[in-house]
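Visitor:
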Amino acid sequence: KQTDALVTKGSLEVHRNVLLLYADDLLLFVSNPITTVPRIIELLDRFGTFSGYKLNYSKSECFLISNPAPQIVENDLPFKLSGSSFKYLGVNICKQLSAIFKTNFLPLTEQIKSDLERWKNLHLSIAGRINCIEMNVLPRFLYLFQSLPIYLPKAFFNKINKLFFSFIWKNGVPGVRRGFLERDRSGGGLALPNLRSYYWAANIQKVILWIQQPTLSWCELEAGSCTSTSLLALITSKLPIPTSQYTDNPIVITTLKIWSQFR
């Protein structure tokens, strides 16, 4: 019930955020949690009585970020309070932007390292091993690339490429240069995924939306964070882009840094 007078919506600058829905996952934004959270619980319980659907409180979390929020006592809630992060749609959401890499990319890298080590002795051809990377490893990284706008240095991709080559050549000496393996099959290669190119493509897509669909809510938010200039002016300016002079939005700064890396 989005219009309930006792449920105070969360807000970010001029935009009011109520909820995000994807399949059966619900992310609800509220302010004034001391008065709002009890009312939300009441509404959810009432909804369950006539709909037949019951919220699984054991899988529900309350993530506190505002000043009054720490006054909430966990024993007063039917669900747990999250500390520094919580998981939504497979992504760890953190209070600090600087913690996103550590809580998302590092665990995934370790998991993929373990998987490739476990698969290394399977009787697969070189093409089969590359297909394994393309079908299993690439989608996991691509999901994070598309979901998390953070800057990844070249050293990160060099580390992943070493894992790939160790798996492809079973710890042996590479027989073919990576550039040849990354060529399209029609060009004589084996289409080994270039993760850095996928990373650039996923993030540059956001830059394209700045230009083509500026009325999207998140585009308006990011454009509004720029002072005395526009996003279009920043992405077309000479390198290096002086982002800190025009915006303090970490997402915009990171996106422009990735754009500069690509250019």
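Residues 10 to 272 in the numbering used here are what the sequence shown lists, from first letter to last. For each residue, glycine too, the CB sits at the ideal point set by N, CA and C. Quick caveat, the model's predicted, so the values are computed rather than measured.
Count the other CB atoms within 10 Å of the CB of THR245; is the residue buried (16 or more) or exposed (fewer)?
Guide: The sequence position of residue 245 within the sequence shown is 236, counting from 1. Exposed, because fewer than 16 other Cβ atoms sit within 10 Å of the Cβ of THR245.
Visitor: If you follow the alpha helix (DSSP H) that PHE56 is part of, which residue opens it and which one closes it?
Guide: Taking the first residue of the sequence shown as position 1, residue 56 is located at position 47. Unbroken alpha helix (DSSP H) run through PHE56: 42-60.
Visitor: Could you tell me whether the Cβ atoms of TYR97 and ASP34 are closer together than 8 Å?
Guide: Within the sequence shown, numbered from 1, the residue matching residue 97 stands at position 88. Within the sequence shown, numbered from 1, the residue matching residue 34 stands at position 25. Going by C-beta atoms, TYR97 is nearer than 8 Å to ASP34.
Visitor: Relative to the alpha-carbon of ILE139, which residue among ARG194, THR118 and TYR152 has its alpha-carbon at the smallest distance?
Guide: Position 130 of the sequence shown holds residue 139. Residue ARG194 is the option with its Cα nearest to ILE139.
Visitor: Return the first residue and the last residue of the alpha helix (DSSP H) that GLU126 is part of.
Guide: Residue mapping note: residue 126 aligns to position 117 of the sequence shown, counting from 1. 115-128 is the span of the alpha helix (DSSP H), which, as asked, contains GLU126.
Visitor: Suppose the cutoff is 7 Å on Cβ atoms and the five residues either side in sequence are ignored; what does the same chain contact list for PHE271 look like?
Guide: Start at 1 with the first residue of the sequence shown, and residue 271 comes out as number 262. Counting only Cβ-Cβ distances below 7 Å, and skipping sequence neighbours, we find TRP209 and ILE213.
Visitor: Excluding the 5 residues preceding and the 5 following GLN11 in the sequence, name in chain order all residues of the same chain whose CB lies nearer than 7 Å to its CB.
Guide: As a working note, residue 11 is residue 2 in the sequence shown. Because GLN11 carries a pLDDT of 48, less than 50, the predicted location of this residue cannot be relied on, and the following value inherits that uncertainty. The residues are VAL27.
Visitor: Between ILE267 and TYR152, is the Cβ-Cβ spacing less than 8 Å?
Guide: By 1-based counting over the sequence shown, the position of residue 267 is 258. By 1-based counting over the sequence shown, the position of residue 152 is 143. No, they are not a contact pair.
Visitor: Does DSSP classify GLU191 as helix, strand or coil?
Guide: Taking the first residue of the sequence shown as position 1, residue 191 is located at position 182. It is coil, neither helix nor strand.
Visitor: Under three-state DSSP, which class holds ASN140?
Guide: What you label residue 140 is simply residue 131 of the sequence shown in a count that begins at 1. ASN140 falls in the helix class under three-state DSSP.
Visitor: State the start and end residues of the unbroken alpha helix (DSSP H) segment that holds VAL100.
Guide: Within the sequence shown, numbered from 1, the residue matching residue 100 stands at position 91. Not the alpha helix (DSSP H): VAL100 falls in the beta strand (DSSP E), residues 100-103.
Visitor: Can the beta-carbon of LEU265 be found closer than 8 Å to that of LEU243?
Guide: Indexing the sequence shown from 1 puts residue 265 at position 256. Indexing the sequence shown from 1 puts residue 243 at position 234. Against a cut-off of 8 Å, the Cβ pair of LEU243 and LEU265 comes out as a contact.
Visitor: Can you tell which of PHE59, LEU52, SER69 and ALA108 has its C-alpha closest to the C-alpha of PRO87?
Guide: Taking the first residue of the sequence shown as position 1, residue 87 is located at position 78. Here the closest residue by C-alpha is SER69.
Visitor: Start and end of the beta strand (DSSP E) containing LEU35?
Guide: For the purposes of this step, residue 35 is identified with residue 26 of the sequence shown, where counting begins at 1. First-last of the beta strand (DSSP E) with LEU35: 34-37.
Visitor: Give the straight-line distance between the Cα atoms of LYS215 and THR58, rounded to the nearest whole angstrom.
Guide: Indexing the sequence shown from 1 puts residue 215 at position 206. Indexing the sequence shown from 1 puts residue 58 at position 49. In a straight line, the C-alpha of LYS215 is about 42 Å away from that of THR58.
Visitor: Between PRO202 and LEU147, is the Cβ-Cβ spacing less than 8 Å?
Guide: The residue given as residue 202 occupies position 193 in the sequence shown. The residue given as residue 147 occupies position 138 in the sequence shown. Yes, these two residues count as a Cβ contact at 8 Å.
Visitor: Please determine if the stretch 125-145 and the stretch 99-117 are in contact, where contact requires at least 3 C-beta pairs separated by less than 8 Å.
Guide: Flag = no, the stretch 125-145 and the stretch 99-117 do not touch.
Visitor: So what's PHE72 in DSSP terms, helix, strand or just coil?
Guide: Residue 72 sits at position 63 when you count from the first residue of the sequence shown. In the structure shown, PHE72 sits in a strand (DSSP, three-state: E or B).
Visitor: For GLN105, which option in LYS122, LYS89 and ILE74 has the closest C-alpha, if you only look at C-alpha atoms?
Guide: Mapped onto the sequence shown, residue 105 falls at position 96. Of the candidates LYS122, LYS89 and ILE74, the one whose C-alpha sits nearest the C-alpha of GLN105 is ILE74.
Visitor: What's the C-alpha gap between GLY233 and GLY184?
Guide: Sequence index remark: in the sequence shown, residue 233 carries index 224 (1-based). Sequence index remark: in the sequence shown, residue 184 carries index 175 (1-based). Spanning the two alpha carbons is a distance of roughly 52 Å.
Visitor: Tell me the DSSP bridge mates of PHE95?
Guide: Here residue 95 corresponds to residue number 86 of the sequence shown, with the count starting at 1. ILE102, per the DSSP bridge assignment.
Visitor: Do you know offhand how far LEU90's Cα is from GLN155's?
Guide: In the sequence shown, counting from the first residue as 1, residue 90 sits at position 81. In the sequence shown, counting from the first residue as 1, residue 155 sits at position 146. Between LEU90 and GLN155, the C-alpha separation is close to 28 Å.
Visitor: Starting from TYR31, trace the beta strand (DSSP E) in both directions and tell me its first and last residue.
Guide: Taking the sequence shown and counting its residues from 1, the one referred to as residue 31 is at position 22. Per DSSP, TYR31 belongs to the beta strand (DSSP E) from 28-31.
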